[in-house]
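Numbering (this note's numbering), first residue to last: 16 to 194.
Using N, Cα and C, we set each Cβ at its ideal position, and we do this for glycine too.
Keep in mind it's a predicted model, so treat the numbers as computed, not measured.
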């Protein structure tokens, strides 16, 4: 069975959501497989980022998934980017990750569960994330046998445009590896 690795690398900000200063961006998510035993949740710590900055993920980012999967297996990367408006402690983020992992373990087929409902609601219940601003959501399915050997770079773009007070534009770079 090939080893599949997901690495959350970098946030690129082109326009912050907060017009008065930096955003505090963090990502909650999961890599879901058809076997709940190999599904993994993650919650990054906030990154203080301003317009036209590119910053690497710190704690909670980096390697977020590293499992052996069947060659004909499927998995799905789900991420929701948030802007922290209410300060949290490191243990709040650990509680959120535990809540996501627990929710993943209770779903018979986690790969078909709805993106925001499982990860965001589980984390929200643990640390009341509802006071933070949701910036974007990614739902990206993969077939293991269609991933090239080695590392492949992926980019997730999300933005809010318009005439309103609150607009933003971000990119998140992440890597998927098969070895």
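Task: Classification of residue 192 by the beta-carbon crowding that lies within 10 angstroms, buried from 16 upward - done: Its Cβ being crowded by 16 or more others within 10 Å, residue 192 is buried.
Open item on the list: By alpha-carbon positions, which one of 97, 112, 103 ends up nearest to residue 148?
Closed with: Looking at 97, 112, 103, the one whose alpha-carbon comes closest to that of residue 148 is 97.
Task: 7 Å Cβ shell around residue 222 - same chain, five flanking residues per side excluded - done: It is not possible to answer for residue 222, since the shown part of the chain is limited to 16 through 194.
TODO: With DSSP as the reference, label residue 103 as helix, strand or coil.
DONE: The answer is coil: DSSP assigns residue 103 none of H, G, I, E or B.
TODO: Give every residue of the same chain whose Cβ lies closer than 6 Å to the Cβ of residue 73, excluding the five residues on either side of it in the sequence, and list them in chain order.
DONE: Result list for residue 73: 60, in chain order.
Open item on the list: DSSP three-state label for residue 176, please.
Closed with: Here residue 176 sits in coil by DSSP.
Open item on the list: Cutting at 7 Å between CB atoms, please list the residues of its own chain near residue 168, excluding the five before and the five after it.
Closed with: Cβ within range, chain order: 188, 190.
Open item on the list: Within 10 Å of its beta-carbon, does residue 157 have 16 or more other beta-carbons around it, so buried, or fewer, so exposed?
Closed with: The residue in question, residue 157, is buried, as its Cβ has 16 or more Cβ neighbours within 10 Å.
TODO: Tell whether a beta-carbon distance below 9 Å holds between residue 24 and residue 77.
DONE: Taking 9 Å as the Cβ cut-off, residue 24 and residue 77 qualify as a contacting pair.
Open item on the list: Going by DSSP in three states, residue 23 sits in which element: helix, strand or coil?
Closed with: Strand at residue 23.
Open item on the list: Quick check on DSSP: helix, strand or coil for residue 160?
Closed with: It is helical.
Open item on the list: Taking the beta strand (DSSP E) that residue 63 belongs to, which residues open and close that run?
Closed with: That run of the beta strand (DSSP E) goes 62-64.
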